[in-house]
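Each position in the sequence shown, counted from 1, maps to that position plus 32 in the numbering used here.
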Amino acid sequence: MGNMNSRVKKLLFLVLCSFIIIGYLSVNHISVLASYPGWSW
Numbered sequence: 033m034g035n036m037n038s039r040v041k042k043l044l045f046l047v048l049c050s051f052i053i054i055g056y057l058s059v060n061h062i063s064v065l066a067s068y069p070g071w072s073w
């Protein structure tokens, strides 16, 4: 059971990291798009 628990924790950690990276990239992308002249955001 201990092995399964650590595996689940590792999976949750990876999911959390990917969510943080995706969120950071999307926010960066939106801010870069908004900083371009001519974009109506």
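Every residue, glycine too, gets a C-beta built ideally from N, C-alpha and C.
Quick one: Cα of tryptophan 73 to Cα of leucine 57, how far?
Translated into the one-based positions of the sequence shown, residue 73 becomes position 41. Translated into the one-based positions of the sequence shown, residue 57 becomes position 25. Bear in mind that the predicted position of tryptophan 73 carries a pLDDT of just 49, short of 50, making it too unreliable to give a figure here.
Compute the Euclidean distance between the alpha carbons of isoleucine 62 and glycine 55, then round it to the nearest angstrom.
If you number the sequence shown from 1, residue 62 lands on position 30. If you number the sequence shown from 1, residue 55 lands on position 23. Spanning the two alpha carbons is a distance of roughly 11 Å.
By how many angstroms is the C-alpha of valine 59 removed from the C-alpha of serine 67?
Counting from 1 along the sequence shown, the entry for residue 67 is found at position 35. Counting from 1 along the sequence shown, the entry for residue 59 is found at position 27. The straight-line gap from Cα to Cα measures roughly 12 Å.
Whole angstroms is fine: what's the gap from valine 127's alpha carbon to leucine 46's?
Beyond the ends of the chain as shown, which are 33 and 73, falls residue 127; an answer cannot be given.
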